[in-house]
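Chemist: Residue numbers (our numbering): 1366 to 1553. Each residue gets a CB set at the ideal place from its N, CA and C atoms; glycine is no exception. Since the structure is predicted, the reported quantities are computational estimates derived from the model, not experimental observations. Pasting in a structure now, in structure tokens, and then I'll have a few things to ask.
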Amino acid sequence: MPFWELLIVAVGLSMDAFAVALGKGLQMPRLAYRRMLVIAFFFGLFQALMPVIGWFLGDRFASYISAYDHWVAFVLLLLIGVNMIRESLTHKEDQEAEHEKPFNLKEMLLLSLATSIDALAVGISFGVLEVNIVLSAAVIGVTTFLISAGGVFVGFKFGLKYRRYAEIAGGIILICVGIKILIEHLFF
């Protein structure tokens, strides 16, 4: 596979992570570069690891994984999105501005998993096509890291002016990404 094709695949795979990173940036009362890099790292790491796992699984398990992957992603994103909306409606705006939400490892793991399930399927196809999996995983991981960091930054800039509405929008974005994944896998 030529490098430019691999880069296109990497950008395509990173779009779900970008949308979720945008939502995470919307939640930030102040731009914390360390947190932005950690979020981008999680998304990049999972996007890099999933094709490797898919590559190793190969054709043996493809039918089992593809039968349920979209449902897992949909449910995870729906639950996290609904929780974000609920929290934005129940917290007072002054409290949100004063206190930054603590980093939630469980939430980041679930978001990273939910947005990288497509990369697992790509990894399975890479195994069939005999693609260099080390180079592919590196390109996908670095691309997702950069695009996710950009998503957090853009989300933060937008969220400065519209804090409460931005959190609701972040939850809606997660739900929409989940619905998009479900529709793509059920109808296309």
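Does the structure place the stretch 1476-1485 close enough to the stretch 1379-1392 that three or more beta carbon pairs sit under 8 angstroms?
Modeler: Verdict: yes, contact present.
Chemist: Got a sec, what are the start and stop residues for the alpha helix (DSSP H) Arg1395 sits in?
Modeler: First-last for Arg1395: undefined, no H or E at that position.
Chemist: With 16 as the cutoff for other CB atoms within 10 Å, does Ile1548 come out buried or exposed?
Modeler: Looking at its Cβ environment, which holds fewer than 16 other Cβ atoms inside 10 Å, Ile1548 is exposed.
Chemist: Relative to the alpha-carbon of Ala1382, which residue among Cys1541, Phe1523, Ala1534 and Leu1476 has its alpha-carbon at the smallest distance?
Modeler: Here the closest residue by C-alpha is Leu1476.
Chemist: Can you tell me the Cα-Cα spacing of Leu1402 and Phe1518, whole angstroms?
Modeler: Those two C-alpha atoms are separated by around 10 angstroms.
Chemist: Go ahead and pull the three-state DSSP assignment for Gln1460.
Modeler: Note that Gln1460 scores a pLDDT of 46, beneath 50, so its modelled location is shaky and nothing firm can be said.
Chemist: Quick check: the Cα distance between Ala1405 and Thr1509, rounded to an integer number of angstroms?
Modeler: Roughly 7 angstroms between the two C-alpha positions.
Chemist: Helix, strand or coil: how does DSSP classify Trp1420 here?
Modeler: If DSSP states are grouped into helix, strand and coil, Trp1420 belongs with the helices.
Chemist: Considering just the uninterrupted stretch of the alpha helix (DSSP H) at Leu1521, what are its terminal residues?
Modeler: In the sequence under discussion, the amino acid at residue 1521 is Phe, which differs from the Leu named in the question. Per DSSP, Phe1521 belongs to the alpha helix (DSSP H) from Ile1498 to Gly1524.
Chemist: In terms of alpha-carbon separation, which member of Gly1390, Gln1392 and Gln1412 lies closest to Val1499?
Modeler: When only C-alpha atoms are compared, the closest one is Gln1412.
Chemist: Please tell me whether Phe1407 and Ile1546 are closer than 8 angstroms, where the distance is taken between their beta carbons.
Modeler: No, they are not a contact pair.
Chemist: From Arg1400 to Phe1468, what distance separates their C-alpha atoms?
Modeler: Rounded to the nearest angstrom, the two C-alpha atoms are 8 angstroms apart.
Chemist: Among Gly1520, Pro1367, Val1376 and Trp1369, whose alpha-carbon lies nearest the alpha-carbon of Ile1505?
Modeler: Nearest C-alpha to Ile1505: Val1376.
Chemist: Specify the secondary structure class of Glu1472 as computed by DSSP and reduced to three states.
Modeler: In this structure, Glu1472 counts as helix in the three-state DSSP scheme.
Chemist: State the Cα-Cα distance for the pair Tyr1398 and Glu1452, rounded to the nearest angstrom.
Modeler: Looking at the two C-alpha atoms, the distance is approximately 24 angstroms.
Chemist: Suppose contacts are defined by Cβ-Cβ distances below 8 angstroms. Is Leu1485 in contact with Ile1418 by that definition?
Modeler: Result yes, Cβ atoms of Leu1485 and Ile1418 sit closer than 8 angstroms.
Chemist: Go ahead and pull the three-state DSSP assignment for Met1366.
Modeler: Correct three-state label for Met1366: coil.
Chemist: Can you give me the Cβ contacts of Ala1503 inside the same chain, cut-off strictly under 8 angstroms, excluding the 5 residues immediately before and after it?
Modeler: Once the five neighbours on either side are set aside, the close Cβ partners of Ala1503 are Ala1413.
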